[in-house]
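Read through the structure below, which is laid out as structure tokens, and then see the notes.
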Amino acid sequence: MKVLRVFLIFAVVASMALIPAQGFAKAQTIVYGTTEKVIDMDPANAYDFHTWEIFYNIYQGLLTYPSGSTKLTPCLAKSYTISPDGKEYTFKLRKGLKFTDGTPFDANAVKWSIDRVMALKGDPSWLVTDFVKRVEVVDPYTVKFVLKNHVAYFPALVASVPYYPVNPNVYP
Numbered sequence: 002m003k004v005l006r007v008f009l010i011f012a013v014v015a016s017m018a019l020i021p022a023q024g025f026a027k028a029q030t031i032v033y034g035t036t037e038k039v040i041d042m043d044p045a046n047a048y049d050f051h052t053w054e055i056f057y058n059i060y061q062g063l064l065t066y067p068s069g070s071t072k073l074t075p076c077l078a079k080s081y082t083i084s085p086d087g088k089e090y091t092f093k094l095r096k097g098l099k100f101t102d103g104t105p106f107d108a109n110a111v112k113w114s115i116d117r118v119m120a121l122k123g124d125p126s127w128l129v130t131d132f133v134k135r136v137e138v139v140d141p142y143t144v145k146f147v148l149k150n151h152v153a154y155f156p157a158l159v160a161s162v163p164y165y166p167v168n169p170n171v172y173p
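For the sequence shown, our numbering assigns the number 173 to the last residue and increments by one with no breaks.
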């Protein structure tokens, strides 16, 4: 009797694998389950773990950490160089990218986004203002960060939410 009960439980659990899962959510819909309060959906103002977790799933940065890795790799940028004194980081951007409304992604969008973080002075702004003196557009697909001092971990900062480019037509 006990063997039969174990077999039936196993059979029921195994048969659940044959049941098709619910389909994907419609485009533009994000379902995120959490018991925490999402504070602010603006990358220039949000500075809490749970909101950043959402941003890591809906935005992209110039650099990123691939899943399961601690090695930074280019994402929206295709490459970057560092000046000999370590105070200038020049990013070559990928061409042909667009925001979801069709607005072109370019160096002006990156500069605008960083300038916006600095001007709004939200909670995460210190991650930019403490290190970045200014951002320069070199050409439509090249942007230069001029730092106040040499910051060896600057690429890791660029992979964080306050450095994520946002659409200038969507955010005020």
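Even for Gly, the Cβ is constructed at its ideal location relative to N, Cα and C.
No experiment lies behind these values; they were computed from the predicted model shown.
Would you mind working out which of the options sits nearest residue i, comparing C-alpha positions?
i	options	result
Gly34	Asp43, His51, Ala47	His51
Val152	Thr36, Glu89, Leu64	Glu89
Ile83	Val171, Val167, Leu148	Leu148
Met42	Cys76, Trp53, Val129	Trp53
Tyr164	Val118, Pro173, Val138	Val118
Could you give the residue range of the beta strand (DSSP E) that holds residue i?
i	result
Arg135	133–140
Val144	143–148
Tyr57	Unbroken run through Tyr57 is the alpha helix (DSSP H), 50–59; no beta strand (DSSP E).
Would you kindly work out how many angstroms separate the C-alpha atoms of residue i and residue j, rounded to a whole number?
i	j	result
Leu98	Thr104	9 Å
Leu94	Asp107	7 Å
Tyr142	Ser114	15 Å
Tyr154	Gly87	11 Å
Asp49	Val162	11 Å
Using 8 Å as the threshold, is the C-beta distance between residue i and residue j below it?
i	j	result
Asp102	Asn168	yes
Tyr66	Leu73	yes
Ala47	Phe56	yes
For residue i, report the span of its alpha helix (DSSP H) as first-last.
i	result
Ser114	108–121
Quick check on DSSP: helix, strand or coil for residue i?
i	result
Ala22	Only weak support exists for where Ala22 lies, its pLDDT of 49 falling under 50; the coordinates are left without a value.
Tyr66	coil
Ser84	coil
Ala157	helix
Give a yes or no on whether 8 Å exceeds the smallest Cβ distance from residue i to chain B.
i	result
Ser68	Going by chain labels, chain B is absent from the structure shown, which holds only one protein chain.
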